[in-house]
Ligand SMILES: C[S@@+](CC[C@H](N)C(=O)[O-])C[C@H]1O[C@@H](n2cnc3c(N)ncnc32)[C@H](O)[C@@H]1O
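In this note's numbering, the protein residues as written are 149 to 486.
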């Protein structure tokens, strides 16, 4: 078993917790309609991890500075602390530490004057989605496929009572823990799990987000059904996914890759997606946003040095992918459970 480093996280200067400590979540779930979620909280997170990079990532978390409980803005961006709290040398050291968790895909984050310029301007998606939501204040929220939890932090910034993200990619869960160490006990939790690993029927969330996940699933109806079973009656689903232009019934099934991704199964039209949601038992289905993904929103940066969207578009015709499919167009739909 890899030893889990201890860290200083509350700014008191004392060692206060062990990384990957989900016990406060277990306590928060007790006696709520989400109590069964406790069953998927890892008892000993590190013990089950076999990923070869894990010790290096753990060391990065252990090397994060302990800084007094900082000012935090989760409402207009994700900003922690002020530049004055670190010297230039300390900021460079923080940069080097967080670079151990490269690639940073979802963000941006501002940490003590250090700007993490992520591959995605995830704040742009949030700005498109937020105006259409039933206000999140006081709600229990599930974010399926949350990546490093960027949108989870923004949901907390809107006053959500509890935000649970699920994300199977270990590196992104580590990025979440890195952020969490720098923040004072926020009600945001990212679990190293898939949607399919949650209890199938868990109708305790007021709002469920599935953003950027549906096209990675083989069966759209199975995904929609699992999401529905996590919502209380009357709860709200926020579904964001890749779509194509077209009428009811139209769906693109890329024979091979789409935008250089080999795990994209289908891109429906908005009208098709509306039908799918209705057929899955949702009501009040609305398309609230349709936006092409630009190379300003998804691009290579210092914090994500691999190839990005511009490499996946036809150099002579940016309205097509390199495979000849329509370039990425993303829609957000909102629907009610029952
Ligand atoms: C394209 S990213 C979207 C991240 C974020 N939701 C956003 O909108 O920016 C999709 C994420 O879903 C995760 N994912 C894929 N299949 C999943 C599943 N079955 N359950 C939960 N997450 C999943 C992937 O690991 C990935 O981090």
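Just so it is clear, CB atoms sit at the ideal spot from N, CA and C, and this is done for glycine as well.
Proximity test, residue i beta-carbon vs ligand 1 heavy atom, cut-off 8 Å
i           : result
residue 340 : no
residue 376 : no
residue 357 : yes
residue 267 : no
residue 185 : no
residue 395 : no
residue 273 : yes
residue 270 : yes
residue 365 : yes
residue 298 : yes
residue 427 : no
residue 316 : yes
residue 254 : yes
residue 445 : no
residue 344 : yes
residue 462 : no
residue 406 : no
residue 95  : Absent from the structure is residue 95, since the part of the chain shown begins at 149 and ends at 486.
Check whether residue i and residue j have beta carbons under 9 Å apart
i           : j           : result
residue 358 : residue 330 : no
residue 259 : residue 227 : yes
residue 361 : residue 378 : no
residue 445 : residue 252 : no
residue 262 : residue 239 : yes
residue 402 : residue 419 : no
residue 483 : residue 431 : yes
residue 211 : residue 245 : yes
residue 318 : residue 199 : yes
residue 283 : residue 307 : yes
residue 274 : residue 310 : no
residue 185 : residue 346 : yes
residue 441 : residue 478 : yes
residue 408 : residue 455 : yes
residue 428 : residue 373 : yes
residue 298 : residue 363 : no
residue 176 : residue 206 : no
residue 439 : residue 458 : no
Whole-Å CB distance - residue i paired with residue j, under 8 Å assumed
i           : j           : result
residue 269 : residue 480 : That pair is no contact at about 16 Å.
residue 486 : residue 394 : So it is not a contact: roughly 29 Å between Cβ atoms.
residue 314 : residue 281 : With 8 Å as the limit, residue 314 and residue 281 do not qualify as a contact, their Cβ atoms being about 19 Å apart.
residue 292 : residue 182 : Incorrect: roughly 14 Å between the Cβ atoms, too far for contact.
residue 424 : residue 368 : 6 Å
residue 392 : residue 334 : At roughly 38 Å, the Cβ-Cβ gap does not stay under 8 Å, so residue 392 and residue 334 are not in contact.
residue 476 : residue 390 : 6 Å
residue 222 : residue 172 : In fact, because the Cβ distance is near 18 Å, the residues do not count as touching under 8 Å.
residue 127 : residue 320 : What is shown of the chain runs 149 to 486, which leaves residue 127 out entirely.
beta-carbon residue i near ligand 2 non-hydrogen atom, thresh 8 Å
i           : result
residue 388 : Of the ligands one can find in the structure shown, namely ligand 1, none is ligand 2.
Inter-residue spacing [alpha-carbon to alpha-carbon] between residue i and residue j
i           : j           : result
residue 150 : residue 325 : In this prediction, residue 150 has a pLDDT of 27, which is less than 50 and means its spatial position is unreliable; what the coordinates show is noted afterwards. For residue 150 and residue 325, the distance between alpha carbons rounds to 17 Å.
residue 214 : residue 332 : 11 Å
residue 254 : residue 426 : 31 Å
residue 188 : residue 170 : 11 Å
residue 447 : residue 179 : 44 Å
residue 234 : residue 404 : 48 Å
residue 218 : residue 209 : 18 Å
residue 257 : residue 220 : 11 Å
residue 174 : residue 437 : 36 Å
residue 242 : residue 201 : 19 Å
residue 453 : residue 266 : 10 Å
residue 192 : residue 435 : 41 Å
residue 204 : residue 398 : 46 Å
residue 342 : residue 285 : 26 Å
residue 400 : residue 229 : 45 Å
Discussion item. Threshold first: 4 residues or longer. Then list the alpha helix (DSSP H) segments lying entirely within the segment 176 to 248, N to C.
Written reply: You should have 202 to 210 and 236 to 247.
Item to complete: Taking only runs that begin and end inside the segment 295 to 341, name each unbroken beta strand (DSSP E) of 3 or more residues, in chain order.
Response: Within the segment 295 to 341, the complete beta strand (DSSP E) runs of at least 3 residues are 310 to 314 and 336 to 339.
Item to complete: Enumerate, from N- to C-terminal direction, the unbroken beta strand (DSSP E) stretches of 3 or more residues contained entirely within the segment 407 to 444.
Response: Within the segment 407 to 444, the complete beta strand (DSSP E) runs of at least 3 residues are 430 to 440.
Worksheet item: In chain order, which continuous runs of the alpha helix (DSSP H) of length 4 or greater are located wholly inside the segment 362 to 392?
Response: Entirely contained in the segment 362 to 392, the alpha helix (DSSP H) runs reaching 4 residues are, in chain order, 368 to 376.
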